[in-house]
Amino acid sequence: MAFLNKGLTIKLTDERESAKATVGADSPEATDDEAPEARTVTYHYEGGIVDFVKYLNSR
1 MAFLNKGLTI
11 KLTDERESAK
21 ATVGADSPEA
31 TDDEAPEART
41 VTYHYEGGIV
51 DFVKYLNSR
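full-length UniProt numbering puts the first residue of the sequence shown at 1, with every later residue one more than the last.
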């Protein structure tokens, strides 16, 4: 969707409790006092469809 809409930014945040519990679970320096942050992924393609074509051609 971000590829098809030039300049559009899509930000997805996984705020499920189960997802927060697994963030940093394999990190030895994580402590119980630290609140885990939700996982966030951002999609933004300034060139829109042009960036999509470049992506396809690079594969």
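We put the beta carbon where it would ideally sit given N, CA and C, even for glycine. A quick note: this is a predicted structure, and the numbers were derived from the prediction, not measured.
(request) In the DSSP assignment, find the unbroken beta strand (DSSP E) run with Lys-6 in it and report its ends. (result) Premise fails: Lys-6 is in no beta strand (DSSP E) and is neither H nor E.
(request) Please find out if some non-hydrogen atom of the ligand NAD comes closer than 7 Å to the beta-carbon of Ala-38. (result) For the structure depicted, the ligand NAD is absent and the ligand set is empty, with no information on it obtainable.
(request) Whole angstroms is fine: what's the gap from Lys-11's alpha carbon to Thr-42's? (result) 4 Å
(message) Looking at the secondary structure, which residues open and close the alpha helix (DSSP H) in which Tyr-55 lies?
(response) 49–58
(request) Please list, in chain order, all residues of the same chain as Gly-3 whose beta carbon is under 7 Å from its beta carbon, the five residues on each side excluded. (result) With the sequence shown as reference, residue 3 is identified as Phe, and Gly is not the correct amino acid for it. Only Tyr-45, Gly-48, Ile-49, Asp-51 and Phe-52 meet the Cβ criterion.
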